[in-house]
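Novice: In the working numbering, the protein residues as written are 19 to 558.
Just so it is clear, CB atoms sit at the ideal spot from N, CA and C, and this is done for glycine as well.
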């Protein structure tokens, strides 16, 4: 606890601390070496900072004087390195002479983020760079971490000691990592020339191509750490020897010839960048007999981002022999993406398809001058998909009396989906839920066309959605939906939007078909005139 005396200009305050909890004293962590006191002009540690005092830990600390305008104080327990360990904030009443710590809640201070300086640096081989780390604590303070309190690591072409001094050992890039308790930070260190292109790799390797057919080759580069190296800024020169030719710029090779009296030829394909090169073998195949057609299955091939690969298989119909399953090695079968390349890629030799993003694309198989194209559908899968968001007004739909003009049901409807461009393969359903649904008629507008209508002008309507069912188009259709009732009552109109990827968004709005009324003027009445006036108005 602390006690104080009140004076006109200042006061003395005594604070008692223990390393074991006791009601009137403030218990602090065992590694506390200093206590910091901050006095503020406002309550709760607000207002102006009037005074700050730092004292070595003791069981009893007296601050004299304390600014007379003090309304609150913040006490922070500090370690030897100056790290905040625990903090408490309390208000001080002007008439208070003794303050009890019991009932107050000290808060443990923990590290939240670590930063390194420099964040990036460049040194020559054999030179060093000193890294420092700074800790942001949960109370908002940033404190320089003692190097010995940090665990240091450096990758590849650098070493680092326990003080955070990193030394470059060879050309390359090193990632320096510092860890302080539960938080980690990284920095980059470029040594000498940095990353260097050290080898090339041509793909596909040892492939086959039909006589007169084309096959695309590609090349990837690797640095001295055997990580991929970006070749976009470099010039690749392609060359071929033997029974094939190749475009020196694009890397597309053509099977030109086969060895006389055989059905095969061979070539060497080479990619060169400056003094580096890599080569692979290419076999040229002349198919026996006459290949009439090829068929690729499955069509469509459906994969998803959770399980991103699938395989295509292609068979050939030969005029002079039985149908065969085609392969690259025996028949020069090749696959290529002929649709959207951003949706999926395909292994040119094996036909393995790999998903890239949700959507549809096409893959074409080619052999012996024949080809077949199949559709590839990439879905999100359960892990990657998010349900569509559908919102409508919460105010009930007032239908008026029975037989009244149909009312627009969802004039302010919104539709959003952050994970897909359209709801192809899904279903949009609008239905009136019981009770009171049997005499409700829901009608869809003529436009926009977002799919195949299964039911319309009924208590439940539905549409099988196509690629036209984008967020904007589904929203536009919902805003044109009308409804009317043939009897008095209430019910809920529910929208259910299945996105075609296994997720559903819903929204609902209540409607009321109210009793109609008619006021007849005073005067003579007959049965025929009165019933005519009441036509269409329900009298309960």
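1. Does any residue of chain C bring its CB to less than 9 angstroms from the CB of residue 182?
2. Mark residue 383 as exposed unless 16 or more other C-beta atoms lie within 10 angstroms of its C-beta, in which case mark it buried.
3. Taking C-beta to C-beta, are residue 229 and residue 350 nearer than 9 angstroms?
4. I believe residue 302 touches residue 344 by the beta-carbon criterion, under 8 angstroms. Please report the beta-carbon distance rounded to the nearest angstrom.
5. Less than 9 angstroms between the beta carbons of residue 399 and residue 518, yes or no?
6. Provide the residue span of the alpha helix (DSSP H) that contains residue 489, from first to last.
7. Using a Cβ-Cβ cut-off of 6 angstroms (strictly less than) and excluding sequence neighbours within five positions of residue 152, which residues of its own chain qualify?
8. Go to residue 347, then tell me how far its beta strand (DSSP E) extends in each direction, as first and last residue.
9. Does the stretch 323-340 touch the stretch 197-213, meaning 3 or more C-beta pairs lie closer than 8 angstroms?
10. Residue 378 to residue 528, Cα distance in whole Å?
11. Under the rule that 16 or more other beta-carbon atoms within 10 Å means buried, what is residue 144, buried or exposed?
12. Looking at the structure shown, is residue 166 part of a helix, part of a strand, or coil, going by DSSP?
13. Rounded to a whole number of angstroms, what is the C-alpha to C-alpha distance between residue 366 and residue 513?
14. Starting from residue 370, follow the beta strand (DSSP E) in both directions and report where the run begins and ends.
15. Look at residue 424 and residue 464 and say whether their C-beta atoms are less than 9 angstroms apart.
16. Measuring alpha carbon to alpha carbon, tell me which residue in 110, 490, 446 and 376 is nearest residue 321.
17. Return the bridge partner residues of residue 76 from the DSSP annotation.
18. Tell me which residues share the same chain as residue 524 and place their Cβ nearer than 7 angstroms to its Cβ, disregarding the 5 neighbours each side in the sequence.
19. What does the alpha-carbon distance come out to for the pair residue 510 and residue 526?
20. Report whether the distance from the Cβ of residue 362 to the nearest heavy atom of the ligand HEM is below 8 angstroms.
21. Let me know if residue 218 comes out buried or exposed under the rule of 16 or more other beta-carbons within 10 Å of its beta-carbon.
22. How about residue 166 and residue 148: are their beta carbons less than 9 angstroms apart?
23. In angstroms, rounded to a whole number, what distance separates the CA positions of residue 496 and residue 483?
24. Let me know the secondary structure DSSP gives residue 63 once reduced to three states.
25. Flag this pair as yes or no: are the beta carbons of residue 56 and residue 101 separated by less than 9 angstroms?
26. Is it true that the CB of residue 391 sits closer than 9 angstroms to the CB of residue 573?
27. Once DSSP output is grouped into helix, strand and coil, what is the label at residue 468?
28. What does the Cβ neighbour count give for residue 107, buried or exposed, with the cut at 16 atoms within 10 Å?
29. Can you round the beta-carbon distance between residue 187 and residue 173 to whole angstroms, since I take them to be within the 8 angstroms contact cut?
30. Might you give, ordered along the chain, the residues of its own chain that have their beta carbon closer than 6 angstroms to the beta carbon of residue 404, omitting 5 neighbours on each side?
31. Give the single residue among 356, 45 and 397 whose Cα lies nearest to the Cα of residue 121.
32. With a floor of 3 residues, list each beta strand (DSSP E) that falls wholly inside the stretch 372-439, ordered by position along the chain.
33. Where does residue 231 land, buried or exposed, given buried means 16+ other C-beta within 10 angstroms?
34. Can the beta-carbon of residue 285 be found less than 9 angstroms from the beta-carbon of residue 262?
35. Pick out whichever of 387, 104 and 355 has its Cα sitting closest to the Cα of residue 372.
36. What does DSSP give as the partner residues of residue 52 in its beta bridges?
Specialist: The relevant details are as follows:
1. Chain labels in this structure do not include chain C; a single protein chain is all it has.
2. buried
3. Inclusion of residue 229 and residue 350 in the CB contact set at 9 angstroms is warranted, their separation being smaller than that value.
4. Contact flag wrong, Cβ pair sits at about 16 angstroms.
5. no
6. 489-497
7. Here the set comprises 133, 160 and 162.
8. That residue, residue 347, is in no beta strand (DSSP E); its alpha helix (DSSP H) goes 346-349.
9. no
10. 38 angstroms
11. By the neighbour-count rule (16 or more Cβ atoms within 10 Å), residue 144 is not buried but exposed.
12. If DSSP states are grouped into helix, strand and coil, residue 166 belongs with the helices.
13. 45 angstroms
14. Start and end: 370-373.
15. no
16. Nearest C-alpha to residue 321: 376.
17. BP columns for residue 76 are empty, so no partner.
18. 408, 512, 513 and 514
19. Spanning the two alpha carbons is a distance of roughly 6 angstroms.
20. Here there are no bound small molecules, and the ligand HEM is not part of this structure.
21. buried
22. Taking C-beta atoms as the reference points, residue 166 and residue 148 fail to come closer than 9 angstroms.
23. Rounded to the nearest angstrom, the two C-alpha atoms are 13 angstroms apart.
24. helix
25. no
26. The first residue shown for the chain is 19 and the last is 558, placing residue 573 beyond what the model contains.
27. coil
28. Buried, by the Cβ-count rule.
29. About 11 angstroms separates the Cβ atoms of residue 187 and residue 173, ruling out a contact at the 8 angstroms cut-off.
30. 436 and 437
31. 45
32. Scanning the stretch 372-439 from its first residue to its last, the whole beta strand (DSSP E) runs of 3-plus residues come out as 377-385, 388-397, 407-409 and 432-434.
33. buried
34. yes
35. Answer by Cα proximity: 355.
36. 74 and 96
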